[in-house]
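Step one of this worksheet: look at the structure below.
Set out below in structure tokens:
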């Protein structure tokens with residue numbers, strides 16, 4: 011029996027046995043047990059209130075690998091239900107008001123208690139992004155990156171925000187309880203204090219210091235770990251995550267697949283799928299998927315991040331010592347900050363940019379992705395638009411994120427689109443290229459620099475940056491066209507039909523990044539309208555809607571790519587012939603091979619003479635090269651470089667095969 015619904019009062023013989031084994035009770039009549047209970051498994055236990063006990067025969071294997079007998083030993087239980095196959099031992103104060111499910115193991119716990127009306131971290135409003143308030147997010151178990159993003163960042167739609175808050179509070183009300191839960195097969199060992207905390211199945215909590223008002227979501231295939239010396243209050247930790255190593259959390263949501271530890275401190279912040287936070291500090295941040303900060307001296311404050319990597323010493327200011335900490339910053343997806351980079355909020359940085367230096371001015375480069383942004387000696391911002399489009403780091407990032415998804419077993423609540431090149435980034439490139447051309451055409455040659463959104467750009471860079479963006483635009487659009495042709499040939503469908511837009515697709519020129527999920531602006535508008543008018547009226551309906559949009563991504567993307575292709579190349583795709591399709595495919599070989607070769611050339615910088623500084627220690631001059639080769643290898647033997655070269659060959663072979671099939675199809 012896995013539950014304790016079929017229990018009965020103790021017999022006098024059982025009571026006598028329990029008393030002989032050091033057990034006491036305020037009222038033995040309130041202690042009920044199963045028919046199969048072996049009372050020898052209960053020793054030195056004090057019972058108060060209603061306590062139900064299941065079958066405690068057999069053994070249990072602890073997370074430490076030891077096999078121990080099930081039962082209750084040296085504990086005080088008040089108003090608890092203990093299901094079959096549990097082990098509870100050495101409780102310092104008491105366990106009060108908990109339902110302990112089958113197979114759970116609780117050892118060496120100080121205090122474990124649920125108070126009346128507990129919500130277990132749900133319903134807490136925290137000040138995210140703007141530390142002074144105004145962008146509050148309501149924490150609840152089913153919070154997703156998309157839900158939080160809309161609640162936090164779309165305050166210009168107050169009716170929609172109010173509806174989202176109502177959904178969150180309705181959910182909170184539904185889980186409010188006078189009793190907490192320890193899920194099946196969960197393990198708690200050496201926890202000093204645990205108050206108003208729900209614990210999911212298979213969770214592992216070991217040597218935590220203090221856990222108050224929270225939920226630890228977990229499942230068998232995605233167990234969650236809370237480790238040594240962790241202090242957390244007003245928190246939710248989702249499935250597949252770990253919070254360890256003395257981390258301190260206050261008013262924090264930790265999403266699925268996250269890792270927090272090594273004394274990391276966070277307050278008033280949300281971390282979504284696969285974030286990593288070690289050593290440093292976070293205050294009021296919106297950490298979208300894959301936000302990574304590993305260094306002790308890094309402070310992230312009042313900022314929005316996603317697919318982000320923080321260099322050591324990264325920090326920002328949100329307080330000008332005037333009206334309080336009311337400023338905020340936004341680093342759009344894929345941004346990196348170098349060691350000791352500093353920004354004075356408000357700032358907004360375009361996707362996949364790199365920020366270096368100490369900035370003392372405000373700037374907005376959000377329409378200029380893949381840019382190099384560096385502070386001058388006077389703190390002013392210098393930008394090279396598009397410089398990082400063909401760098402090794404950008405290409406590696408796009409490949410690594412899907413492989414590093416640690417969310418396992420449970421439903422993935424955060425919708426994530428991983429594409430580096432997408433309508434979102436390519437649309438910005440098209441817009442940026444137009445602006446750069448206009449500036450180049452209208453700027454006097456006597457002028458050295460121009461200002462774009464508060465960032466300074468060398469006039470001579472304007473032409474070069476256009477070329478960067480042109481390369482990215484052409485690679486993406488021609489690749490998308492070729493993919494449609496390949497699919498049509500594989501499916502044996504008409505080529506012209508393949509280039510048509512599906513009737514279910516939604517076209518919108520601007521696209522948005524909704525906390526890691528990419529979508530046409532028109533879909534977002536319709537989504538938010540549906541929330542406002544009550545069509546979407548629950549958390550489950552919200553999640554279903556985001557999943558439906560996620561599933562429509564490919565067709566929506568083609569609707570945008572087709573229109574952009576026609577605009578950029580002045581071509582009517584509906585009129586393309588076999589010859590023009592082959593021309594487009596050949597153009598892809600040319601531009602994408604160039605792209606791969608530029609990336610490989612960027613990797614060559616890692617093998618330059620300057621990279622060999624310090625090698626050959628204590629040896630002769632010729633030992634420098636030999637030492638470097640032994641440690642780093644040769645450029646042409648590098649796995650990444652070989653992969654780039656191989657991609658060029660594969661592309662050539664792929665297009666040769668495609669052209670042959672087009673010839674056969676259209677002849």
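Numbering (my numbering), first residue to last: 11 to 677. Glycine included, every Cβ here is placed at the ideal spot set by N, Cα and C. All figures in this text were calculated on a predicted structure; none of them were measured in a lab.
Please list, in chain order, all residues of the same chain as residue i whose beta carbon is under 7 Å from its beta carbon, the five residues on each side excluded.
{"i": "residue 665", "result": "595, 596, 598, 599"}
{"i": "residue 157", "result": "174, 552"}
{"i": "residue 453", "result": "460, 469"}
{"i": "residue 11", "result": "For residue 11, the predicted structure reports a pLDDT of 38, less than 50, and the residue's modelled location is therefore unreliable. The matter cannot be settled from this model."}
{"i": "residue 651", "result": "610, 613, 645"}
{"i": "residue 136", "result": "146, 147, 149, 261, 278"}
Buried or exposed: which applies to residue i, given that a residue is buried once 16 or more other Cβ atoms fall within 10 Å of its Cβ?
{"i": "residue 337", "result": "buried"}
{"i": "residue 561", "result": "exposed"}
{"i": "residue 28", "result": "buried"}
{"i": "residue 400", "result": "buried"}
{"i": "residue 446", "result": "buried"}
{"i": "residue 160", "result": "buried"}
{"i": "residue 190", "result": "buried"}
{"i": "residue 670", "result": "exposed"}
{"i": "residue 457", "result": "exposed"}
{"i": "residue 504", "result": "exposed"}
{"i": "residue 343", "result": "buried"}
{"i": "residue 641", "result": "exposed"}
{"i": "residue 623", "result": "exposed"}
Comparing C-alpha positions only, which one of the options sits nearest to residue i?
{"i": "residue 582", "options": "388, 566, 491", "result": "491"}
{"i": "residue 606", "options": "568, 617, 647, 654", "result": "654"}
{"i": "residue 241", "options": "325, 222, 207", "result": "222"}
{"i": "residue 617", "options": "177, 634, 630", "result": "634"}
{"i": "residue 432", "options": "495, 569, 367", "result": "569"}
{"i": "residue 214", "options": "47, 106, 253, 456", "result": "253"}
{"i": "residue 577", "options": "117, 488, 625, 557", "result": "488"}
{"i": "residue 519", "options": "573, 469, 513", "result": "573"}
{"i": "residue 286", "options": "293, 342, 297", "result": "297"}
{"i": "residue 272", "options": "278, 16, 556, 290", "result": "290"}
{"i": "residue 269", "options": "40, 414, 80", "result": "414"}
{"i": "residue 118", "options": "447, 199, 383, 79", "result": "199"}
{"i": "residue 39", "options": "612, 83, 660, 62", "result": "62"}
{"i": "residue 353", "options": "331, 323, 527", "result": "323"}
{"i": "residue 390", "options": "201, 377, 369", "result": "369"}
{"i": "residue 108", "options": "114, 120, 124", "result": "124"}
{"i": "residue 319", "options": "326, 332, 305", "result": "305"}
{"i": "residue 571", "options": "589, 486, 514", "result": "486"}
{"i": "residue 657", "options": "602, 621, 307", "result": "602"}
{"i": "residue 229", "options": "195, 218, 105, 201", "result": "195"}
{"i": "residue 88", "options": "226, 69, 37, 134", "result": "37"}
{"i": "residue 604", "options": "484, 559, 580", "result": "484"}
{"i": "residue 321", "options": "303, 442, 661, 675", "result": "303"}
{"i": "residue 70", "options": "59, 49, 112, 494", "result": "112"}
Hey, residue i and residue j: beta-carbon distance below 9 Å or not?
{"i": "residue 629", "j": "residue 637", "result": "yes"}
{"i": "residue 388", "j": "residue 282", "result": "no"}
{"i": "residue 530", "j": "residue 438", "result": "no"}
{"i": "residue 278", "j": "residue 371", "result": "no"}
{"i": "residue 216", "j": "residue 235", "result": "yes"}
{"i": "residue 292", "j": "residue 355", "result": "no"}
{"i": "residue 197", "j": "residue 115", "result": "yes"}
{"i": "residue 33", "j": "residue 53", "result": "yes"}
{"i": "residue 395", "j": "residue 295", "result": "no"}
{"i": "residue 178", "j": "residue 133", "result": "yes"}
{"i": "residue 106", "j": "residue 80", "result": "no"}
{"i": "residue 525", "j": "residue 299", "result": "yes"}
{"i": "residue 534", "j": "residue 549", "result": "no"}
Excluding sequence positions up to five away, which residues of its chain have a Cβ less than 6 Å from the Cβ of residue i?
{"i": "residue 46", "result": "65"}
{"i": "residue 335", "result": "141, 142, 328, 329"}
{"i": "residue 85", "result": "55, 98, 101"}
{"i": "residue 363", "result": "345, 381, 383"}
{"i": "residue 266", "result": "248, 249, 250, 283, 417"}
{"i": "residue 204", "result": "122, 221"}
{"i": "residue 219", "result": "202, 239, 241"}
Quick one: residues in its chain with C-beta nearer than 8 Å to the C-beta of residue i, no 5 flanking neighbours on either side, listed in chain order?
{"i": "residue 555", "result": "537, 540, 546"}
{"i": "residue 224", "result": "130, 131, 206, 207, 208, 242, 243, 244, 245, 246, 247"}
{"i": "residue 22", "result": "none"}
{"i": "residue 532", "result": "516, 517, 518"}
Given 8 Å, three or more beta-carbon pairs between the region 406 to 426 and the region 471 to 490: no
Pairs of beta-carbons, one from the region 509 to 521 and one from the region 411 to 429, closer than 8 Å: are there three or more? no
Within the chosen definition, does the region 250 to 270 reach the region 161 to 172 through at least 3 CB pairs nearer than 8 Å? no
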